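Numbering (my numbering), first residue to last: 3 to 454.
Idealized CB from N, CA, C, for every residue including glycine.
Model, not experiment: these values are computed from the prediction.
Only one structure is covered here, and it is reproduced in the block below.
Rendered as structure tokens:
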């Protein structure tokens, strides 16, 4: 008996349909509830070893229910996701929290789906959050199936084989079930303890040799200027060590939104501007900004890229009946596709492609048409096309050489480290990276660096 419930009698009474319903519900149908889970599967396996259930039918029942439950949870999350991305901040809802969820699944999604199976409560929510965050369905499905095999098969076969070799094992079922509950809750409590320790004190880390910031969705909202407070802080940071802004934006925009808003009283030689995904770099030379290098595209190249974008938009039908408000931005050193108008509200931009389906589809089509160029996804609505070999990775290596340091001693703060993202290309350089959910988190990170 466990909490007044005899699991053996319950399983005998409900049979395969009841087992199917419980596993289905806990895998993503009734989110927020914690059902017997692993202990139920173990006990069912034990009963199968005694001949009360057929082990093959039992395994098939559990597998189908587990995969189906998580799949329903995923598609529910995918359905409500666009609504959440277009919702305004409120007392109990913050867009930054949603952004952090997406960043988490971009970086740890596969591990979360697989290991989340084994943690009560978490396994009910994880598939829904994967859908909200726009985790790629093929990746989700693979780890969903793998997790169902390991979780469902592991507990069930554990009970089956133990029941086959240990006489009168039903006498110890309460202790075994309690042990299963305790073991499966360990990761949950370990994570809570880790989070509480993190809240109490942030460990002091060595200061980086230089810090590179992305612009859109890192220092500022997409296609918007940074706040005056952030500008003041990044230039204060530049008084301590070199700071760079590395963005897909053109130099003219960075000059307008950042450089002309901050008066350089004496010296800005510690501040670097790498625009157009590092296809151009400008440095301070005593009295003004000078171009250190630039790799412009010819007029014919830019015209060819523009034509390829127009063709790919038609072929992929990414707007699917929506009004086509996209822009093609010619920056001389790069050409960008922007899905919406410059001044579109933040909520509209967030809701256009929250699950990263439209831009990868368009990006793949563009890469086929433009094999001699880099096609990079950035921000919430943009795709940048630059000359192959000239990317943010090139910019990181150039800056490291300029500062006579190693990339691993520098820090890159950005939002697009996911596959195909224009920040992801810096990872192979060895630079330390920090994925941010937006300007609010970035400002906190800058504050932390200024305190040390």
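Along the alpha helix (DSSP H) that carries residue i, what are the first and last residues, could you check?
{"i": "residue 134", "result": "124-135"}
{"i": "residue 139", "result": "139-167"}
{"i": "residue 232", "result": "230-239"}
{"i": "residue 259", "result": "253-259"}
{"i": "residue 51", "result": "40-51"}
{"i": "residue 396", "result": "394-405"}
{"i": "residue 366", "result": "360-371"}
List the endpoints of the continuous beta strand (DSSP E) containing residue i.
{"i": "residue 248", "result": "245-248"}
{"i": "residue 332", "result": "329-332"}
{"i": "residue 336", "result": "336-340"}
{"i": "residue 380", "result": "375-380"}
{"i": "residue 352", "result": "Premise fails: residue 352 lies in the alpha helix (DSSP H), 348-354, not in any beta strand (DSSP E)."}
{"i": "residue 312", "result": "Not the beta strand (DSSP E): residue 312 falls in the alpha helix (DSSP H), residues 301-318."}
{"i": "residue 294", "result": "291-296"}
Enumerate in chain order the residues of its own chain whose CB-to-CB distance from residue i is below 6 Å, with the five nearest sequence positions on each side excluded.
{"i": "residue 293", "result": "284"}
{"i": "residue 259", "result": "227"}
{"i": "residue 270", "result": "286"}
{"i": "residue 418", "result": "380, 424, 425"}
{"i": "residue 291", "result": "284"}
{"i": "residue 328", "result": "341"}
Hey, residue i and residue j are a contact pair by Cβ (cut 8 Å); roughly how many whole angstroms apart?
{"i": "residue 57", "j": "residue 162", "result": "6 Å"}
{"i": "residue 47", "j": "residue 130", "result": "With a Cβ gap of about 28 Å, residue 47 and residue 130 do not count as contacting."}
{"i": "residue 436", "j": "residue 405", "result": "At roughly 19 Å, the Cβ-Cβ gap does not stay under 8 Å, so residue 436 and residue 405 are not in contact."}
{"i": "residue 375", "j": "residue 389", "result": "6 Å"}
{"i": "residue 378", "j": "residue 274", "result": "With 8 Å as the limit, residue 378 and residue 274 do not qualify as a contact, their Cβ atoms being about 20 Å apart."}
{"i": "residue 354", "j": "residue 364", "result": "No, residue 354 and residue 364 are not in contact; Cβ-Cβ is about 12 Å, not under 8 Å."}
{"i": "residue 408", "j": "residue 336", "result": "No, residue 408 and residue 336 are not in contact; Cβ-Cβ is about 28 Å, not under 8 Å."}
{"i": "residue 141", "j": "residue 111", "result": "7 Å"}
{"i": "residue 125", "j": "residue 257", "result": "About 50 Å separates the two Cβ atoms, so there is no contact after all."}
{"i": "residue 352", "j": "residue 382", "result": "6 Å"}
{"i": "residue 136", "j": "residue 309", "result": "With 8 Å as the limit, residue 136 and residue 309 do not qualify as a contact, their Cβ atoms being about 30 Å apart."}
Considering only the beta carbon of each residue, do residue i and residue j sit closer than 8 Å?
{"i": "residue 219", "j": "residue 249", "result": "no"}
{"i": "residue 450", "j": "residue 235", "result": "no"}
{"i": "residue 243", "j": "residue 209", "result": "yes"}
{"i": "residue 83", "j": "residue 118", "result": "no"}
{"i": "residue 317", "j": "residue 367", "result": "yes"}
{"i": "residue 60", "j": "residue 50", "result": "yes"}
{"i": "residue 340", "j": "residue 384", "result": "yes"}
{"i": "residue 240", "j": "residue 272", "result": "yes"}
{"i": "residue 392", "j": "residue 253", "result": "no"}
{"i": "residue 397", "j": "residue 280", "result": "yes"}
{"i": "residue 371", "j": "residue 312", "result": "no"}
{"i": "residue 373", "j": "residue 395", "result": "no"}
{"i": "residue 143", "j": "residue 71", "result": "no"}
{"i": "residue 263", "j": "residue 233", "result": "yes"}
Sorted by chain position, which residues of the same chain lie with C-beta nearer than 8 Å to residue i's C-beta, five sequence neighbours on each side aside?
{"i": "residue 197", "result": "Summary for residue 197: the model assigns pLDDT 44, below 50, so the residue's position carries little reliability, and this model does not support an answer."}
{"i": "residue 152", "result": "116, 119"}
{"i": "residue 14", "result": "49, 54"}
{"i": "residue 403", "result": "none"}
Kindly identify the DSSP beta-bridge partner or partners of residue i.
{"i": "residue 416", "result": "437"}
{"i": "residue 273", "result": "245"}
{"i": "residue 387", "result": "337, 377"}
{"i": "residue 286", "result": "291"}
{"i": "residue 212", "result": "412"}
{"i": "residue 499", "result": "This structure cannot speak to residue 499, because the chain is shown only from 3 to 454."}
Quick one: what's got a C-beta closer than 7 Å to residue i's C-beta in the same chain, skipping five residues either side?
{"i": "residue 22", "result": "63, 67"}
{"i": "residue 410", "result": "432, 433, 434"}
{"i": "residue 52", "result": "165"}
{"i": "residue 205", "result": "Unreliable placement is indicated for residue 205, whose pLDDT of 40 sits below 50; no coordinate value is reported for it."}
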